[in-house]
Structure formats: structure tokens, C-alpha cells
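Be aware that the sequence shown starts at 587, since it is given in my numbering, and climbs by one per residue.
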Amino acid sequence: MDGDDRVLVSRYVLLDRSGDVVRAPEVPFEALRAAAPRTVVSTTRYDDHTYTARLPVFVRDAIVQAT
587 MDGDDRVLVS RYVLLDRSGD VVRAPEVPFE ALRAAAPRTV VSTTRYDDHT YTARLPVFVR
647 DAIVQAT
């Protein structure tokens, strides 16, 4: 692993040019973070090769504003 392997859960809030909320998820950030697991196990198989990794889960709140 190169240290960048992870699962990312993103919650997006969209703002207009004035900074007013145009769209936001119904689920609050804290509820999403509480519901997300701390890690997940992922297994990939190709031909007769198998790779299994335990990956950390990161939850982020992304705010995007129109320009």
C-alpha cells in the first residue's frame, strides 16, 4: 500500500454566489460520520491472484460555492 488507500464518503453542500444554500443533504454530517464504519475490508480477485486490504473510512463535508 502506498498510504493513500482509503474509502472516502463525501457529503456535499451547494451554495449560490451569495453564499445561500442551494442544496444540502437531509442527513446531518454528524449522523453520517456516526453511521460510517471506521474501516472496511476489500478483497479484489483477478485470475488466481487475491488481494485483501483493511481500509480506513474518511467522512468529509464538502462545501461547493458557485462562482
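We treat Cβ as the ideally placed atom computed from N, Cα and C, and that holds for glycine.
Keep in mind that this is a model prediction, so the values were computed, not measured.
Work out the CA separation of residue j and residue i for me, nearest whole Å.
{"i": "Asp606", "j": "His635", "result": "50 Å"}
{"i": "Ala639", "j": "Ser604", "result": "44 Å"}
{"i": "Val643", "j": "Asp633", "result": "28 Å"}
Please work out which residues of its chain come closer than 6 Å, Cβ to Cβ, to residue i, disregarding the five sequence neighbours upstream and downstream, and give them in chain order.
{"i": "Met587", "result": "For Met587, the pLDDT reaches just 44, beneath the cut-off of 50, and the residue's location in the model is therefore unreliable, leaving the point undetermined."}
{"i": "Leu594", "result": "Phe644"}
{"i": "Arg592", "result": "Leu641, Pro642 and Phe644"}
Leaving out the 5 sequence neighbours to the left and right, which residues in its chain are closer than 7 Å to residue i when beta-carbon positions are compared?
{"i": "Tyr598", "result": "Ala648 and Val650"}
{"i": "Phe615", "result": "Arg597 and Asp647"}
{"i": "Thr625", "result": "Arg640, Leu641, Pro642 and Val643"}
To which residues of the same chain is residue i closer than 8 Å at the C-beta, ignoring the five residues directly before and after it?
{"i": "Leu601", "result": "Val607, Val608, Ile649, Val650, Gln651 and Ala652"}
Have a look at the DSSP bridge pairing and note the partners of residue i.
{"i": "Val645", "result": "Val595"}
**OP:** With a floor of 3 residues, list each beta strand (DSSP E) that falls wholly inside the region 606–639, ordered by position along the chain.
**Re:** Along the length of the region 606–639, whole beta strand (DSSP E) runs at least 3 residues long occupy 607–609 and 625–632, reported in chain order.
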